[in-house]
Amino acid sequence: MAEPTQLADQLGELVEQFRTEVDYPDEGRAESDRERDELAIALAPDALDEPDVRLLRRLLRRLAGPAYGSPGPQPGFYRLLQSADGLVRMIATLRYLLYGAGEVEVRLDDCIRGEHKLPGVGEAMMVKALAVHDPARWFPGYVTTGKVGKLATLDLLGDELPTGLEPGFAAAESNDLIRRRLEPYLPDDPWGMQEFSWWLLHQRPPEAPLRDLADRLYLSEEFLSRILRLLDDRGQVVFYGPPGTGKTFVAREFAGHIARGGGTVEKVQFHPSYAYEDFVEGYRPRLVNGQVTYEVVDGPLKRIAATAEERPDVTHVLVVDELNRANVPKVLGELLFLLEYRDEEIRLQYSDVPFSLPANLRIIATMNTADRSIALVDTALRRRFHFVPFFPDTPPIDSLLRRWLADNAPELGWVADLVDRANSALADRNVAIGPSHFLRKRLSEDLVRLAWENSVLPFLEEHFFGDPDQLKRFDLDRLRSGSLPEPAADTGMLGEVAGSAGEP
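Position in the sequence shown (first residue = 1) + 1274 = my numbering.
Structural data, given as C-alpha cells:
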C-alpha cells in the first residue's frame, strides 16, 4: 500500500479504483438514501415534539441498527427505548442536538460528555443522528478514533487535526476535513465518501509468509499451519503445557500474525477473582451530573466482538492468558453456547440484547498444566476448544532450545543437554522445565545459573515440597557434569486428555 503522501497525490486515481473494484455506485447508494430518508422521519421536529410512540420507537431502533451504516452495538440506547422515562430523555437529547441554539459542535460535545449525555450512549449514535438529519454536512463515519475512525482516514490522506480539540469539535472537524477532500471526486455523495473511506482503510498489505514467523519463533511451519487449521475449524484453541514453554509468547506473536492488515489483538489474563462481569458485561458505577448511577459496561470480549463486526474483512484475536486460573464456566456464562454455535445469537444476561460471536474473531487461550491438569477441565469447555500441547518432550518444543542456542549462544549448547537430563528425571511432564527460562538476549553462563537457581529450582522445590533430598538431585553443577538423577516416583496425577487436538 502506498504511503499517505502518495495516497493524497493519487486520490482521484484511488477513487476510480474504488468505483471499479466495488462497482460503485450500485444499488447500495439508492438503498442507503432510502434508509436515510426513513430514519429522518424519526428525527423531524414534528416527530420529536408530538411523537407517535410506537412508530418512534420502531424507527429509533433502526437508527441504532445497521440502517445507513452501523454505529456498533448500542445496548445503552436500546435500554432507554424500553422505558417511558428513557424515551423522554432520548427525545430531549436528540431535539437539543439537532435543533438547539448555538454551534452544533458545542451541542455535540455536550451530548458526548456533558449535561445532555445519555447513559451508555456515545459519539457514534449522536453523529449518526446528525448524518441522517443533515447529509449536506455530515457523512456516515460515526467514530473519530480507532482503526476505522475518521482520524485513521485522515492519516492516510495526509491530514491531521489540531491538537487539544474536545471530542465534539474533533468529530465535526474530522468530518469536515474528509468531506472537503472527497467532495471533488464524490460530489453530494456522503454514502460514497464513507464507502470509499472504508475501502481505503481496508487495503491490506501483502501476505506475510508463515515461514518467517516459524523461523522467528524457532517452531516448525507445519506446527503453526496446524494451529491455523484448528482455528479455522472451531475459532478457538488452547495452548497447554508446563510453565516456560512459550505458550503466552507464541499466542501473542501468532495473534499478531493472523490479525495483520488492520485486525485487533486484545489480551486478558484470568485469575481466581475474574468474573463474567469483567469479561463479558456487568454493571459499573458512573458519575452523571454529580449522581452515582449504574450502567452496563462492556468487557473485553464484547468490545473486540464489536470491533470485529465493524471490520469483517480482517481477523481479530482475543488472547486469554492463564485460562484455568479462573472458574471458566462461570466467567463465560452463555458464551459456552456461542463458542460452539458461531452463527447464532443469544441474549446476554445484563443488557438483554441479542449477541453473537463474529466469524472473524479468533480466541487463543493458554493453560498452565502445572496448576491444573487438562483432565480436570470442564468437559463442555474441552468440547468447544481445540487443544495444542506445549511440552518439552514433544515436537516442536523438544528441539527449540537447542536450535535457539545454536543461533544465539553456541558456546552454551550444554544447557540443552542439562535441561534434557533434568526433565528425564521428572515423572510428571506437567512440571517439566521449559526452554523460555534461557531464551534471553546476551545469554551467558552467569545468566544460566541465575535462571536455574532463582527460577527453575524454586519451581521444583514447590513440586518436591516435603522432600528436600529430591531437590538436591537437580543441582546445576551436578547435572552439568553429566550426572543423571534417578527418576522420581510417579506423582499419580491424572494423565492429560488432549481433547480435540487432532486434525479438524
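Even for Gly, the Cβ is constructed at its ideal location relative to N, Cα and C.
Helix, strand or coil at Val-1593 [DSSP, three-state]: Judged by DSSP in its simplified three-state form, Val-1593 adopts strand.
Buried or exposed (CB count within 10 angstroms, at least 16 for buried), Tyr-1568: With fewer than 16 other Cβ atoms inside 10 Å of its own Cβ, Tyr-1568 counts as exposed.
Length of the line joining the Cα atoms of Asp-1429 and Leu-1439: Cα to Cα, the separation comes out at about 16 Å.
Runs of beta strand (DSSP E) lying entirely within the stretch 1569-1653, each at least 3 residues, in chain order: Runs of the beta strand (DSSP E) inside the stretch 1569-1653: 1590-1595, 1635-1642.
Where the beta strand (DSSP E) containing Phe-1661 begins and where it ends: According to the DSSP assignment, Phe-1661 belongs to the beta strand (DSSP E) that extends over 1660-1663.
For Gly-1556, three-class secondary structure by DSSP: When secondary structure is reduced to three states using DSSP, Gly-1556 falls in the strand class.
Buried/exposed call for Leu-1491, threshold 16 Cβ in 10 Å: By the neighbour-count rule (16 or more Cβ atoms within 10 Å), Leu-1491 is buried.
Where Val-1417 falls: helix, strand or coil (DSSP): Coil at Val-1417, not helix or strand.
Through-space distance from Gly-1537 to Gly-1573, alpha-carbon basis: Their Cα atoms are separated by approximately 18 Å.
Phe-1733 versus Gly-1708, Leu-1717, Asp-1720, residue with shortest Cα-Cα distance: Nearest to Phe-1733 by alpha-carbon distance, out of Gly-1708, Leu-1717, Asp-1720, is Gly-1708.
Supposed contact pair Arg-1508 and Arg-1658 - C-beta distance, whole angstroms, cut 8 Å: A Cβ-Cβ separation of about 7 Å places Arg-1658 in contact with Arg-1508 under the 8 Å criterion.
Sequence-distant residues of the same chain with beta carbon closer than 8 Å to Val-1705, five excluded per side: Take Val-1705, set aside five residues on each side of it, and the residues of its chain with a beta-carbon closer than 8 Å to its own are Pro-1516, Ala-1644, Phe-1733, Leu-1734, His-1737, in chain order.
Distance between Arg-1335 and Val-1771 (C-alpha atoms, nearest Å): Its pLDDT being 41, under 50, Val-1771 is placed unreliably in this model, and the value from its coordinates should be taken loosely. For Val-1771 and Arg-1335, the distance between alpha carbons rounds to 47 Å.
Beta-bridge partners of Val-1539, as assigned by DSSP: In DSSP, Val-1539 forms a bridge with Val-1591.
Span of the beta strand (DSSP E), counted from its first residue to its last, around Phe-1513: For Phe-1513, the enclosing beta strand (DSSP E) begins and ends at 1510-1515.
Cβ-based neighbour list, Tyr-1459, same chain, cut-off 7 Å, excluding 5 preceding and 5 following: Closer than 7 Å at Cβ, skipping near neighbours: Leu-1285, Gly-1286, Val-1289.
Backbone secondary structure at Leu-1561 - three-state DSSP: Strand, per DSSP.
Nearest candidate by alpha-carbon position, reference Leu-1274, set Ala-1488, Met-1641, Arg-1411: For residue 1274 there is no data in the structure shown, the boundaries of the chain being 1275 and 1778.
CA nearest to the CA of Phe-1665, picked from Met-1641, Glu-1608, Ala-1321: Comparing Cα positions, the closest option is Met-1641.
Residues near Ser-1710 by beta carbon distance below 6 Å, same chain, minus five either side: Once the five neighbours on either side are set aside, the close Cβ partners of Ser-1710 are Gly-1518, Gly-1520.
Cα-Cα separation between Pro-1340 and Val-1693, rounded to whole angstroms: Val-1693 has its alpha-carbon roughly 57 Å from the corresponding atom of Pro-1340.
Bridge-paired residues (DSSP) for Val-1566: Paired residue(s): Leu-1561.
Residue environment, Ser-1357, which counts as buried when at least 16 other CB atoms sit within 10 Å: Around the CB of Ser-1357, fewer than 16 other CB atoms lie within 10 Å, so the residue is classed as exposed.
Secondary structure of Lys-1391, DSSP reduced to three states: If DSSP states are grouped into helix, strand and coil, Lys-1391 belongs with coil.
Close beta carbons around Val-1566, own chain, < 7 Å, minus the five adjacent residues each side: Here the set comprises Pro-1559.
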